[in-house]
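Trainee: Next up is a structure, given as structure tokens.
Residue numbers (our numbering): 1126 to 1875.
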């Protein structure tokens, strides 16, 4: 029997006597209550409550209590056994001894992983090996559990979450990750509340209500519509906005917004999301975007709406925390668990978190429940992960109160399909299109006509350069490779030509885009911009003529979206498709499909939604069913209660950056920031330098290091900076040594 007079503690405070420490039973009850609250939106509150109540039962051990006393230099007089203190196992062993039917395994994952993360079933960390008869209820845990108060230990078996009552075949591995999120976030928050009252106060700062944000948004957008020029494009944008507002009252479903590029879908989709959230009691709006460049632009648009200043959390790798103000600290705290009303994040952050195993990345998952989630540029969902990605969206919609919105000009085929040409059994049962007759809208918003250069016979870049200069007006040319962008730029007049590629750091690209926007209105001075595909999505450029190297049909449509974007030309803009000699192999498959739609008899309807339906069905069929889950994520999480969480998390990487490394380049203020970083350790300086990095292949990095063009910061292993200033130019950004014509020796800095 436990000693009722003895005090057990969860956390100590440095320099404070035990009377000021947090009692263990208080911590357990707080976490249980908070975890249950978090799981309420999806009906998992009873399981979350019990997992929270039992998560730290191992702290009832003499070993853990002595550890607290020793850390504070206080004599405890406790008798202990030597060894490592592992406090996350006892609760799991209790679950194994009193639960059955699979609940024991589920609670082992939730409890035993609350610090180490969700492990594979085969790992001892999950308690799976303790399920073997000879290991069941180990003696160490038996001794610890004798100290646990009866009211904590003796709990009735909780009823299953509601989705398991509705459908016993619901994805239990997904449920485990959502419950795990509830428990670990509750644990973090209660611990933080006790240990750091200042952070607690910052977290408690009130966000505006979604209903207030909707009112502010309506005032802002109504003003924009009132002040907009009376053009056909703006009339159509207003109609799209009105339709999105109207459809927001519909019952929750999987929705799509199919609007041609430049049709105003960003603000219109937000209008739908806010109105739908208020109407149906959703808790937040999450905007998921494939590229960080679009995120920064989109978050800025949202934040500039009066009343939205402190409501928007921008969460991606390039967020800067330059000012140590309460607002920026609050933003950093919100990024841990996504408790802001409007989240703008990347596809990488969103989906990798959904399949994560680490506690830090899982904390936010429960706050996705009961949200409206907009997937901008849905055609960019990576084909090699399409099955697990769509499966996750479908599960969120079915059981976690999420209203997904697939937003793009080029809708992929994501409904359940089992036809002769394409099988996609994991697809959605149905998708509700918000826009009436998208094909008609595409026809009304047509601003370009498409031409084929040299009947799509391969041509040299010298011919393209000559053709661009004969256009007599500004031209944007998009190519498939960074080296091609530099090659073509050198064939055009330097004073009229601007180059863009990811060999330029983010700040360099941002400044270059601003210069392009300033120069474009000058029709008497044609501007030639040669870029990689980085300008194709979310970059508001408006050229009268666009050239595009042959690629997938969705890429061609995005390129055409930079042509006559505002519809202000007296005639249609011109988009020219050409096939460069030595076409890179990685675009050959989508490009070969695009060729079929570039025939004369199909050009008139090349950007119509029905065209993209055919194109993506062919594309997915071409890839094959196995290629839509090439790392077998479904297999790792598909064996009933034998899930490999950690392995799935390691394999689920939307961007395979293992073959590249980040290099800090000498641009703008980066040298000064780098000097400060060397002088003292400052986390925010690391974040600031992210805008001054480029990604380079590992073999190029090793060459840079071997030839003393770059160096690794000894104080920060894995951080590299470019020594040779000559390898980074204002015109082209970083140029690998093998591709550089020469540099001056005195440009090397030490």
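Cβ atoms here follow ideal geometry from the backbone N, Cα and C, with glycine treated the same way.
From a predicted model like this one, the values you see are computed outputs, not experimental measurements.
Cα separation between residue 1597 and residue 1400?
Mentor: 46 Å
Trainee: In angstroms, rounded to a whole number, what distance separates the CA positions of residue 1368 and residue 1565?
Mentor: The straight-line gap from Cα to Cα measures roughly 14 Å.
Trainee: Any idea if residue 1138 is buried or exposed, counting beta-carbon neighbours within 10 angstroms, 16 or more meaning buried?
Mentor: exposed
Trainee: With which residues is residue 1496 paired in a DSSP beta bridge?
Mentor: 1409
Trainee: Under 8 Å Cβ to Cβ from residue 1573, same chain only, skipping five residues before and after it: list those, please.
Mentor: 1671, 1685, 1688, 1689, 1697, 1698, 1699, 1700
Trainee: Is residue 1744 buried or exposed, if buried means 16 or more other CB atoms sit within 10 Å of its CB?
Mentor: buried
Trainee: Determine the closest residue to residue 1149 out of 1856, 1189, 1793, 1375, with distance taken between C-alpha atoms.
Mentor: 1189
Trainee: Beta-carbon separation of residue 1423 and residue 1391 under 8 Å?
Mentor: yes
Trainee: Of all the options 1414, 1512, 1608, 1466, which has the alpha carbon lying nearest to the alpha carbon of residue 1530?
Mentor: 1414
Trainee: For residue 1800, list the residues DSSP reports as bridge partners.
Mentor: The partner list for residue 1800 (beta bridge, DSSP) is empty, contrary to what the question assumes.
Trainee: Between residue 1508 and residue 1242, what straight-line distance do the alpha-carbon atoms span, to the nearest angstrom?
Mentor: 28 Å
Trainee: With distances taken between CB atoms, is the gap from residue 1135 to residue 1181 smaller than 8 Å?
Mentor: Against a cut-off of 8 Å, the Cβ pair of residue 1181 and residue 1135 comes out as a contact.
Trainee: Determine the direct distance from the alpha carbon of residue 1829 to that of residue 1864, and round the result to whole angstroms.
Mentor: 13 Å
Trainee: Scan the stretch 1640-1670 and note each continuous alpha helix (DSSP H) run of 4 residues or more that stays entirely inside, going in chain order.
Mentor: none
Trainee: My parser needs the alpha helix (DSSP H) runs of 4 or more residues fully inside the stretch 1680-1765; what are they?
Mentor: Unbroken alpha helix (DSSP H) stretches of 4 residues or longer found wholly inside the stretch 1680-1765: 1713-1722, 1734-1748, 1758-1761, given in chain order.
Trainee: One question on the structure: do residue 1338 and residue 1432 come within less than 8 Å of each other, judged by their Cβ atoms?
Mentor: Yes, the Cβ-Cβ distance between residue 1338 and residue 1432 is below 8 Å.
Trainee: Cβ of residue 1480 within 8 Å of Cβ of residue 1246?
Mentor: no
Trainee: Could you check which residue in 1823, 1554, 1719, 1486 has the C-alpha nearest to that of residue 1775?
Mentor: The candidate whose alpha carbon is nearest that of residue 1775 is 1486.
Trainee: Between 1429, 1397, 1465, 1238, which lies nearest to residue 1327 when the distance is taken from Cα to Cα?
Mentor: 1465
Trainee: So, for residue 1610: in the same chain, excluding its five sequence neighbours on each side, which residues have a beta-carbon less than 8 Å away from its beta-carbon?
Mentor: Contacts found: 1604, 1624, 1625, 1626, 1655, 1656, 1657.
Trainee: Relative to the ligand MG, is the shortest distance from any of its heavy atoms to the C-beta of residue 1612 smaller than 7 Å?
Mentor: Absent from the structure shown: the ligand MG. Ligands present: none.
Trainee: Do you know offhand how far residue 1397's Cα is from residue 1317's?
Mentor: 36 Å
Trainee: Could you tell me the distance, in whole angstroms, from the CA atom of residue 1393 to the CA atom of residue 1665?
Mentor: 16 Å
Trainee: Checking the sheet assignment: what are the DSSP bridge partners for residue 1624?
Mentor: Answer is 1655, bridged to residue 1624.
Trainee: In this structure, does DSSP put residue 1674 in helix, strand or coil?
Mentor: strand
Trainee: What residue from 1314, 1728, 1294 has the CA that sits closest to residue 1575's CA?
Mentor: Comparing Cα-Cα distances from residue 1575 to each of 1314, 1728, 1294, the minimum goes to 1728.
Trainee: Are residue 1469 and residue 1439 close, meaning C-beta to C-beta below 8 Å?
Mentor: Against a cut-off of 8 Å, the Cβ pair of residue 1439 and residue 1469 comes out as a contact.
Trainee: Note the first and the last residue of the continuous beta strand (DSSP E) segment covering residue 1835.
Mentor: 1835-1837
Trainee: Of all the options 1694, 1235, 1681, which has the alpha carbon lying nearest to the alpha carbon of residue 1718?
Mentor: 1681
Trainee: Using CA coordinates, which residue listed in 1175, 1595, 1237 is at the minimum distance from residue 1155?
Mentor: 1175
Trainee: Who does residue 1313 pair with in a DSSP beta bridge?
Mentor: None; residue 1313 has no bridge partner.
Trainee: With H, G and I counted as helix, E and B as strand and the rest as coil, what does DSSP make of residue 1539?
Mentor: The answer is coil: DSSP assigns residue 1539 none of H, G, I, E or B.
Trainee: Pull up the CB-CB distance for residue 1427 and residue 1467, whole angstroms please, since I reckon it's below 8 Å.
Mentor: 6 Å
Trainee: Would you say residue 1692 and residue 1386 are within 8 Å of each other, going by their C-beta atoms?
Mentor: no
Trainee: Extract the residue ranges of the alpha helix (DSSP H) inside the stretch 1374-1428, only unbroken runs of 4 or more that lie entirely within it.
Mentor: 1390-1405, 1417-1428
Trainee: Unbroken alpha helix (DSSP H) runs of length 4 or more, entirely within the stretch 1557-1625: which are they?
Mentor: 1563-1569, 1586-1594, 1607-1615, all fully within the stretch 1557-1625.
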